[in-house]
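675 is the number of the first residue of the sequence shown in our numbering; add one for each residue after it.
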Amino acid sequence: MQIPTLIKEIAVALDSKGARAVAVGGAVRDWLLGRPLKDLDIEVYGLPTLEALTRLLKAFGRVDAVGKSFGVIKLTREGTTYDFSFPRKERAIGKGHRDFEVHIDGTLDFAEAARRRDFTINAMGYDIVHQKLYDPYGGREDIFRRRLRHIDETTFVEDPLRVYRAVQFAARLGFRIDRDTVGLCRKMTATGMLAHLPVERIWAEWRKIFEAPYPSVGFEWMRRIGILDRHFPELAVLSNIPQSPVHHPEGNVWRHTLWTLDAMRDISADLSEKERLVLMMAALCHDLGKADTTIGSKRAVRLPRPIRNQAAFACAAQLPRFDAGKRRARLSHGIVKVSTAYGICAESRLPIRAIGHEILSETLSEALLAKLTGEKDLKRRVLSLVRHHLKPFQFVRDGAKNGAYGRLALKVDVAMLAKLAEADALGRTTRASLKGVCKVCDDFKRRIETLELHSGAPKPLVTGKDLIAAGLQPSPRFKAILRQLYALQVEGKFEEKETAIAYLKKELL
């Protein structure tokens, strides 16, 4: 395990006093997974008091005892901060995530101290001086089996946030959740324990799922555990909503939503964290309105053979999406079964349509976001994307004029909208989508680049100063004139300021 030189020096100093410096938690897990080392937390065993640890650490850098009540001391040197802590026991004294009584005890053995942790893969330690792995609960074996398993039922249920942590670890690491752990998470969810969690903590776990290689895995586990049914019914209902097998051979709206999420994860990879979050949330919400707008005929039809075959292939191809990127269909995976998926694909009734679903999707998205975050700018951007997510397809299909594109750019970030449309198109199992092709998206992107809208709506050619220069006196009429001129500008009536001024003098003065 790669340990910074400073930490090695501190570990040797502790060893000389009969104490042990043990790397714990995620650092050990990531080391065994071959992942880069991010946060390094050190637990110190064998010292009588926290004050003794503080005195020792002061020789190595600046010490901050902000977490002293939890047995945590921060050491900062050359701009890098490390956490040193004493082993401790915790006991829940309330229903909230932070309602714990903490008992610090430097004499605890590692197994007893690690029992308070959530999963076996997070309950390992690495003795820095003696280069020894401590693994009292079989975490290394679980990593080998790619399995997420809780340690102790009594301690696990004391913190309801661990249900969300199970989901996000499954998504980020590509692990399956152990059957007993799934059962325990379902029980905690069904009894309402998650209702006591702070919104900001839930949102933090959602954001981690969005950053996973396959976010669909996390949200499918949320559905299976019952989180969606109990807390996010607007998402849960999507698994019961069919779609046209011609345009969506992958099956129901939930399945399409999951595929869209995965596609968006790739499409938005080079963007900032804030922009990725906006797009991921828009991808999750874009079809919420289909739950209340989907209609179909009463006559069941048998799909043509090419579509049936394509649907069967698509449903089988979906399975690897829930297996951390392993590109082979395995019926034993247990999250989506080909027989079920094919049944939805093959037995759908035609025509199935959801006219106007984007309008209702905006309303439902606002309600969903209210449960997760108070970030106003995020909400505004997500809602505008959801409301207009069909526009790229409609504009290209109908041969929209330049003015329509300009007006659209006033309402929504068209560059972001193009990415949402691409994820929407690739989140399906049509032949073009499986090949990664979206001609409509390419046409839309070329058009907004030609019109120079990809950087935002065009700036007004005429301002209030120009009106004064043309002989007008400032008045309430200014606003109406400027609005009219700008509307004509985005419609393509004029592209230069001189032309706009000439129009102003001839038609509006």
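Beta carbons are placed, not taken as given, at the ideal position from N, Cα and C, and that holds for glycine. Keep in mind that this is a model prediction, so the values were computed, not measured.
May I ask you to report which of helix, strand or coil DSSP gives residue i?
i, result
"L1057", "helix"
"D715", "strand"
"L1135", "coil"
"I1122", "helix"
"F906", "coil"
"R736", "strand"
"L1089", "The sequence shown places Ala at residue 1089, not Leu. Three-state result, A1089: helix."
"G1073", "coil"
"R1102", "coil"
"C1115", "helix"
"P834", "coil"
"L1094", "helix"
"P872", "coil"
"G692", "coil"
"H1184", "Because the chain spans 675 through 1183 in this model, residue 1184 falls outside it and cannot be assessed."
"N914", "helix"
"I677", "coil"
"Q1163", "helix"
Which residues in the same chain have their Cβ closer than 6 Å to the Cβ of residue i, if we skip the five residues on either side of it in sequence?
i, result
"R939", "P889"
"L1135", "Q1163, K1171 and A1174"
"V1070", "V1114, D1117 and F1118"
"A1083", "L1127 and A1131"
"R820", "F849"
"D809", "M798"
"R709", "none"
"T855", "R823 and H824"
"L909", "L902"
"R1081", "V1164"
"D816", "T794, I795 and R823"
Excluding five sequence neighbours on each side, which residues of the same chain lie with their C-beta closer than 7 Å to the C-beta of residue i?
i, result
"C859", "V837, A840 and I899"
"G1077", "V1164, E1165 and G1166"
"K1093", "I941, S942 and L953"
"S913", "R897, N926 and W928"
"I1029", "T967"
"H1031", "D961, G963, K964 and T967"
By the 10 Å Cβ neighbour count, where 16 or more other Cβ atoms means buried, how is residue i classified, buried or exposed?
i, result
"L1183", "exposed"
"P916", "buried"
"I1142", "exposed"
"T754", "exposed"
"K1150", "Before going on, a small fix: residue 1150 reads as Pro here, not Lys. Exposed: under 16 other Cβ atoms inside 10 Å."
"E879", "buried"
"E761", "According to the sequence provided, residue 761 is Pro. The question's Glu does not apply to it. Classification of P761: buried, given that the 10 Å Cβ count is 16 or more."
"V686", "exposed"
"K732", "exposed"
"T1047", "buried"
"I1063", "The question names Ile, but residue 1063 in the sequence shown is His. That one is buried."
"S759", "buried"
"R950", "buried"
"T1103", "buried"
"R790", "buried"
"T679", "exposed"
Taking DSSP's pairing of strands, which residues face residue i in a bridge?
i, result
"G799", "V698 and Y808"
"R751", "T754"
"F793", "H824"
"R850", "R821"
"T970", "According to the sequence shown, residue 970 is Gly rather than Thr. Note: G970 sits in a beta bridge opposite I1026."
"H777", "K763"
Counting only the same chain and skipping the five closest in sequence on each side, list residues whose C-beta sits under 8 Å from that of residue i.
i, result
"A844", "L822, R850, I851, V891, G892 and W895"
"I1033", "G963 and R1061"
"A1144", "I1175, L1178, K1179 and L1183"
"A886", "Q842, A845, R846, G892 and R939"
"F1152", "G1138, L1141 and L1146"
"L782", "Y719, P761, R762 and K763"
Using a threshold of 7 Å, is the CB atom of residue i nearer than that to any non-hydrogen atom of the ligand ATP?
i, result
"R929", "Of ligands this structure carries none, so the ligand ATP is not represented either."
TODO: Could you tell me whether the stretch 895 to 908 touches the stretch 857 to 877, using the rule of 3 or more Cβ pairs below 8 Å?
DONE: The stretch 895 to 908 vs the stretch 857 to 877: in contact.
Open item on the list: Under 8 Å: do the stretch 923 to 941 and the stretch 1033 to 1044 share three or more Cβ pairs, one atom per stretch?
Closed with: They do not touch, by the three-pair rule.
Task: Segment contact, 8 Å Cβ cut-off, at least three pairs: the stretch 801 to 810 with the stretch 686 to 698 - done: Verdict: yes, contact present.
- [ ] Say whether the stretch 714 to 734 touches the stretch 826 to 836, bearing in mind that this needs 3 or more beta-carbon pairs closer than 8 Å, one atom from each stretch.
- [x] Segment contact: the stretch 714 to 734 against the stretch 826 to 836, fewer than three CB-CB distances shorter than 8 Å; contact not assigned.
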